[in-house]
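One structure is given here, and the rest of the page talks about it.
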Amino acid sequence: MDLTWISIVVGTILIAGYIVYSAVEKHIETLENRVSKVEKLLKQTMPEMASVEQKVNEELRELLQQGKTIEAVKRTRQEFGWSLLEAKQYVDELKADT
């Protein structure tokens, strides 16, 4: 009697484990497919983003040469959607490079 119950419990645990494993594996596969699509999209848009970044950097350098650091930070935030700290650090790096 005890052996039967142990077998039932172990069997139930194994079946439940397999069901959970299958669900997790399917979810991982779905996520991998989504990441693959995002990577393809990113590869397509990267050249466009690089040209936009170059244009913005030229504009930011002009603002920095005119002494308009705050305006450069504002423009960086508008263009890239970054936080104030991220934009300030980016402008500071541009300032150090020039």
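Position one of the sequence shown corresponds to residue -5 (the working numbering), numbered consecutively onward.
Beta carbons are placed, not taken as given, at the ideal position from N, Cα and C, and that holds for glycine.
Helix or strand or just coil, what does DSSP make of Gln48? For the purposes of this step, residue 48 is identified with residue 54 of the sequence shown, where counting begins at 1. In the structure shown, Gln48 sits in a helix (DSSP, three-state: H, G or I).
With DSSP collapsed to three states, give me the class of Gly61. Here residue 61 refers to the residue found at position 67 when the sequence shown is read from its first residue. If DSSP states are grouped into helix, strand and coil, Gly61 belongs with coil.
I'd like the list of long-range same chain contacts for Tyr15, defined as Cβ closer than 7 Å, with 5 residues on each side in sequence excluded. For this step, residue 15 is matched to residue 21 along the sequence shown. Closer than 7 Å at Cβ, skipping near neighbours: no residue.
Euclidean distance between Cα positions of Trp(-1) and Arg28: Here residue -1 refers to the residue found at position 5 of the sequence shown. Here residue 28 refers to the residue found at position 34 of the sequence shown. Cα-Cα distance, rounded: 43 Å.
Can you grab the Cα-Cα spacing for the pair Val46 / Ile13, in whole Å? On the sequence shown, residue 46 is found 52 positions in, with the first residue counted as 1. On the sequence shown, residue 13 is found 19 positions in, with the first residue counted as 1. Cα to Cα, the separation comes out at about 48 Å.
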